[in-house]
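Q: Take a look at this one; I'll ask things after.
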Amino acid sequence: MALRKIGVVVRLQIQQESLKRGRSPNRYYDPASLLLVDALRLSEEGVVGLVDVEGQHAPREVLDVHHFGHYDSKNRGDNDISFNFTSHYARMRERFGKHFEIGCAGENILIETDEEFEVSALDDDVTIKTARGKTVRLTKVCPAAPCAPFSEYALNGQQKPSRDEMRETLQFLDNGTRGFYAQQPGPPVIITVGDEVFVSE
0 MALRKIGVVV
10 RLQIQQESLK
20 RGRSPNRYYD
30 PASLLLVDAL
40 RLSEEGVVGL
50 VDVEGQHAPR
60 EVLDVHHFGH
70 YDSKNRGDND
80 ISFNFTSHYA
90 RMRERFGKHF
100 EIGCAGENIL
110 IETDEEFEVS
120 ALDDDVTIKT
130 ARGKTVRLTK
140 VCPAAPCAPF
150 SEYALNGQQK
160 PSRDEMRETL
170 QFLDNGTRGF
180 YAQQPGPPVI
190 ITVGDEVFVS
200 E
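Residue numbers in the sequence shown follow numbering that gives the first Met the number 0, run continuously in steps of one, and reach 200 at the last position.
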């Protein structure tokens, strides 16, 4: 299978807890619990963030909220791992403004690229080649559908956007603009910033 390089990993992070806070009908989106990490360990159970990888001791491990082992796991079987592209952030920031900071959508892996992707273009298969020579396949790629709290956050914190604004925002963020979910069916593997990302040609 021929592969085409599309970019490199430039940011790794985990959600320490759910970014959707409060209770319906007053739920809201808050990215404060996002944690930048030095590396991610990807497995069939989800994502573990590794902190202080270059330290003298073993790195600290922090489970993402979508990991099966998290005490309040939000894993529903198809959202083990999430990723997005800097090109998609450029689109979102152009629409929503500078308050829409890089990483605020909560993806685990941010890939730097000038290309934009819909799920059909990813062919259900994204490959990461690590600096340590490992090959990681992300499979069962699907759009990370936007929710109402995230859409309100994107609209600069408006608590009561109009029905039309919400509909247009949800449509804009869907089909991968907000990001993608995937799974990693192989043995656990560690990825770091700078790893290269490919798709099938």
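Think of the CB as a built atom: it goes at the ideal place given N, C-alpha and C, for glycine as much as any other residue.
For clarity, every value in this text was computed on a predicted model and none was experimentally measured.
1) Determine the closest residue to V125 out of F82, G132 and H87, with distance taken between C-alpha atoms.
2) Helix, strand or coil for D122? Go by DSSP, reduced to three states.
3) Taking 8 Å as the CB-CB limit, is E106 close to chain C?
4) Am I right that A57 and T191 are in contact with their C-beta atoms under 8 Å? What's the rounded C-beta distance?
5) Whole-angstrom Cβ separation of F117 and G6, contact assumed at under 8 Å?
6) Suppose you measure from the CA of N107 to the CA of Q14; what does that come to, to the nearest Å?
7) Check the DSSP bridge columns for C203 and list the partner residues they point to.
8) Is V61 closer than 8 Å to G48 when the C-beta atoms are compared?
9) Counting pairs of Cβ atoms below 8 Å between the stretch 126-138 and the stretch 184-199, do you hit three or more?
10) Could you check which residue in S150, H66, K133 and L172 has the C-alpha nearest to that of H87?
11) Going by CA-CA distance only, name the one from C141, K133, L11 and P148 that's closest to S119.
12) Can you tell me where the alpha helix (DSSP H) with Q170 in it begins and where it stops?
13) If I'm right that F67 touches N78 with Cβ under 8 Å, what's the distance once you round it to whole angstroms?
14) Here's the rule: buried if 16 or more other CB atoms are within 10 angstroms of the residue's CB, otherwise exposed. What is G76?
15) Kindly indicate the opening and closing residues of the alpha helix (DSSP H) around P148.
16) Quick one: residues in its chain with C-beta nearer than 6 Å to the C-beta of R136, no 5 flanking neighbours on either side, listed in chain order?
17) With burial defined as no fewer than 16 other Cβ atoms inside 10 Å of the residue's Cβ, what is the status of A31: buried or exposed?
18) Taking C-alpha atoms, which residue in C103, E16, R90 and L109 lies nearest to D63?
19) V188 and I139 - do their beta-carbons sit closer together than 8 Å?
20) Let me know the secondary structure DSSP gives E200 once reduced to three states.
A: Well, looking at it:
1) Here residue 125 refers to the residue found at position 126 when the sequence shown is read from its first residue. Measuring from the Cα of V125, the nearest candidate turns out to be F82.
2) In the sequence shown, the residue the question calls residue 122 occupies position 123. Coil, per DSSP.
3) This model lacks chain C altogether; it includes just one protein chain.
4) Taking the first residue of the sequence shown as position 1, residue 57 is located at position 58. Taking the first residue of the sequence shown as position 1, residue 191 is located at position 192. Actually they do not touch by this definition, with Cβ atoms about 16 Å apart.
5) Locating residue 117 in the sequence shown gives position 118, counting from the first residue. Locating residue 6 in the sequence shown gives position 7, counting from the first residue. In the sequence as presented, Phe is not what sits at residue 117; that position holds Glu. No, E117 and G6 are not in contact; Cβ-Cβ is about 16 Å, not under 8 Å.
6) As a first step, residue 107 is located in the sequence shown; it is residue number 108 there, counting from the start. As a first step, residue 14 is located in the sequence shown; it is residue number 15 there, counting from the start. Cα to Cα, the separation comes out at about 8 Å.
7) Nothing about residue 203 can be reported from this structure: the residues present for the chain run from 0 to 200 only.
8) What you label residue 48 is simply residue 49 of the sequence shown in a count that begins at 1. What you label residue 61 is simply residue 62 of the sequence shown in a count that begins at 1. Contact flag set, yes.
9) yes
10) Here residue 87 is taken as the residue at index 88 of the sequence shown, counted from 1. Of the candidates S150, H66, K133 and L172, the one whose C-alpha sits nearest the C-alpha of H87 is L172.
11) Position 120 of the sequence shown holds residue 119. The option with the nearest alpha carbon to S119 is C141.
12) By 1-based counting over the sequence shown, the position of residue 170 is 171. Q170 -> alpha helix (DSSP H) spans R162 to L172.
13) As a position in the sequence shown, residue 67 is number 68, starting the count at 1. As a position in the sequence shown, residue 78 is number 79, starting the count at 1. Not really, about 11 Å apart at Cβ, beyond 8 Å.
14) Within the sequence shown, numbered from 1, the residue matching residue 76 stands at position 77. With fewer than 16 Cβ atoms within 10 Å of its Cβ, G76 is classed as exposed.
15) Taking the first residue of the sequence shown as position 1, residue 148 is located at position 149. Its alpha helix (DSSP H) spans residues A147 to A153.
16) Residue mapping note: residue 136 aligns to position 137 of the sequence shown, counting from 1. These residues qualify, in order along the chain: T126.
17) The residue you call residue 31 lines up with position 32 of the sequence shown. Answer is exposed; the Cβ neighbour count stays below 16.
18) The count along the sequence shown starts at 1 and reaches residue 63 at position 64. Nearest option by C-alpha distance: E16.
19) The count along the sequence shown starts at 1 and reaches residue 139 at position 140. The count along the sequence shown starts at 1 and reaches residue 188 at position 189. Correcting the residue identity first, residue 139 is Lys in this sequence and not Ile. No, these two residues do not count as a Cβ contact at 8 Å.
20) Residue 200 sits at position 201 when you count from the first residue of the sequence shown. Correct three-state label for E200: coil.
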